[in-house]
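In the numbering used here, the protein residues as written are 87 to 444.
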Amino acid sequence: MEKWVSMPKVELHAHLNGSIRDSTLLELARGLGEKGVIIFADIEHVIQKDDRSLTEVFRLFDLIHIVTTDHKIITRITKEVIEDFAAESVVYLELRTTPKKNESIGMTKHSYLEAVLEGIKAVSTVDVDFRPHDSENFPHRNDTCNGSTRKKIYVRLLLSIDRRGTTEAAMETVNLALEMRDLGVVGIDLSGNPIMGEWTTYLPALKFAREQGLYVTLHCGEVPNPKEIRSMLDFLPQRIGHACCFEEAEWEKLKSSNIPVEICLTSNIRTNTIPSIDVHHFADLYSKKHPLVLCTDDSGVFSTSLSNEYNLAASAFGLGRRDIFKLTKNAVEYIFADDGVKRELKEIFSSAEQKLDL
Ligand code: IMP
Ligand code: ZN
């Protein structure tokens, strides 16, 4: 694993609450159990279960949200998630989260995002670059700490539209993203339980997001729904996630459009969206040189890490260290940050290429 841990990596599909550390989730759930808010014994096995269907995963998310919906906890999770990715040499992270409101504790979608930003600022193990580069408040940093150059991670945020919501709720999320652009919000994601909602409900908000210059990525084809998949591809998002339940016509459309795909191997296998790794579409897309990026989806929920996903891809598809390095280096082209960040990332990868002696 060490060779994958030390390799610089780009993570483009990570849900904040799904990336919560196991230990943190258990600690928080136990705390709520002690306060009598939940019955810990009833949920312990749900948290610790390894294999979950897609439906069970969404049940777990409902549980995670009960445990995590509090400003301080959101701040803590954000800090920990960034530190965990940085610890395995992720140099660029796009973190996505669904802004939530909870009137009983005075949480608005805006204050939820402020709590996320607090978490970004609280990271202490590495320097975090989360704002657009031209910002005067956060110029380029090449800090040194105790004389040594500190590690740096770029973090950008995507706001997720939940498929359970309305057109108005989706529009509210896009407006929030626009409001928080200077604070590192670069795009919009459509996610949530794929059997819920109609794609057309979110379309006005997604079109508006695009008109305003926000990037868009869509969870696409997690369940068989050819009409929706085709319509999503016609929308031409800048990236899609998963692409599991595609038929021939959808593959053709995807390949001719060249839309980059965020591949989440463990997530697809654990949720049984793909029956086994040897029939995963990664192999076909990779051999056709379709733009791809390996991602975790929910490293906490699926007990994985980006290094683990690289390891899995290498062993399942017979890829060497050089192939995997190229895959992650190429992913720089599909990030939702500005050209300045792309340039800096390319430099990081070029110097790593020499050091790693590939
Ligand atoms: P959050 O947005 O930070 O709360 O992260 C968890 C949320 O991400 C879940 O409640 C879902 O809405 C979404 N999510 C996480 N994993 C998946 C997935 O595999 N498919 C669709 N949506 C997902
Ligand atoms: Zn996802």
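Glycine included, C-beta positions come from ideal geometry on N, C-alpha and C.
Check, Outcome
"DSSP-derived helix/strand/coil call for alanine 329", "coil"
"Cβ neighbour criterion (16 or more within 10 Å) applied to glycine 270", "buried"
"Distance between beta carbons of isoleucine 247 and alanine 291, contact taken as under 8 Å", "7 Å"
"Cβ neighbour criterion (16 or more within 10 Å) applied to leucine 392", "buried"
"Leucine 322 classed as buried or exposed, judged by whether at least 16 other C-beta atoms fall within 10 angstroms", "exposed"
"One or two residues paired with arginine 182 in a DSSP bridge", "His101 and Leu244"
"When Glu200, Leu371 and Val387 are compared against arginine 162, the one with the closest alpha-carbon", "Glu200"
"Straight-line Cα distance separating phenylalanine 422 from valine 143", "27 Å"
"Heavy atom of the ligand ZN within 8 Å of glycine 273 beta-carbon", "no"
"Own chain, CB closer than 8 Å to serine 277, minus 5 neighbours either side, in chain order", "His101, Arg182, Thr184, Ser246, Ile247, Asp248, Arg249, His305 and Gly327"
"At least 3 beta-carbon pairs within less than 8 Å: the segment 357 to 376 vs the segment 393 to 411", "yes"
"Supposed contact pair isoleucine 349 and leucine 379 - C-beta distance, whole angstroms, cut 8 Å", "Just to set this straight, residue 379 is valine in the shown sequence, not leucine. About 7 Å separates the two Cβ atoms, so the contact holds."
"With 16 other Cβ atoms within 10 Å as the buried cut-off, status of glutamate 120", "exposed"
"Spatial distance of serine 175 from alanine 127 (CA atoms)", "36 Å"
"Near the ligand IMP: valine 387 beta-carbon under 8 Å from a heavy atom", "yes"
"Serine 353: CB within 8 Å of a non-hydrogen atom of the ligand ZN", "yes"
"Entirely enclosed alpha helix (DSSP H) segments - the segment 136 to 207, minimum 4 residues", "140 to 154 and 157 to 173"
"Reduced DSSP secondary structure (H/G/I, E/B, other) of valine 365", "helix"
"Uninterrupted alpha helix (DSSP H) stretches inside the segment 351 to 426 (no shorter than 4 residues)", "351 to 356, 368 to 373, 392 to 403 and 407 to 416"
"For arginine 429 and isoleucine 124, the rounded distance between their alpha carbons", "48 Å"
"Rounded Cβ spacing between glutamate 180 and leucine 244 (contact assumed at less than 8 Å)", "6 Å"
"Assigned exposure category for asparagine 103 - 16 Cβ within 10 Å defines buried", "buried"
"Inter-stretch contact at 8 Å, needing at least 3 Cβ pairs: the segment 411 to 421 / the segment 104 to 113", "no"
"CA-to-CA distance, isoleucine 281 to glutamate 308, given in whole angstroms", "9 Å"
"Status (buried if at least 16 other CB within 10 Å, exposed otherwise) for alanine 335", "exposed"
"Chain-ordered residues, beta carbon under 6 Å from a heavy atom of the ligand ZN", "His99, His101, Ser277, His305, Gly327 and Asp383"
"Candidates Ile274, Ala263, Glu258 and Lys313: closest to glutamate 284 by CA position", "Lys313"
"Phenylalanine 126: CB within 8 Å of a non-hydrogen atom of the ligand MN", "Among the ligands in the structure shown, the ligand MN does not appear; only the ligand IMP and the ligand ZN can be found there."
"beta-carbon aspartate 103 near the ligand IMP non-hydrogen atom, thresh 8 Å", "In the sequence under discussion, the amino acid at residue 103 is asparagine, which differs from the aspartate named in the question. Within the cutoff, so yes."
"Span separating the alpha-carbon of histidine 219 from that of glycine 426", "7 Å"
"Per-residue burial, glutamate 254 [other beta carbons within 10 Å of its own, 16 or more giving buried]", "exposed"
"Exposed unless 16 or more other CB atoms sit within 10 angstroms - verdict on isoleucine 191", "exposed"
"Element boundaries [alpha helix (DSSP H), containing glutamate 336]", "334 to 343"
"Residue range of the unbroken beta strand (DSSP E) whose run includes isoleucine 274", "271 to 277"
"Histidine 131 - DSSP class collapsed to helix/strand/coil", "helix"
"Residues near alanine 438 by beta carbon distance below 6 Å, same chain, minus five either side", "Pro94"
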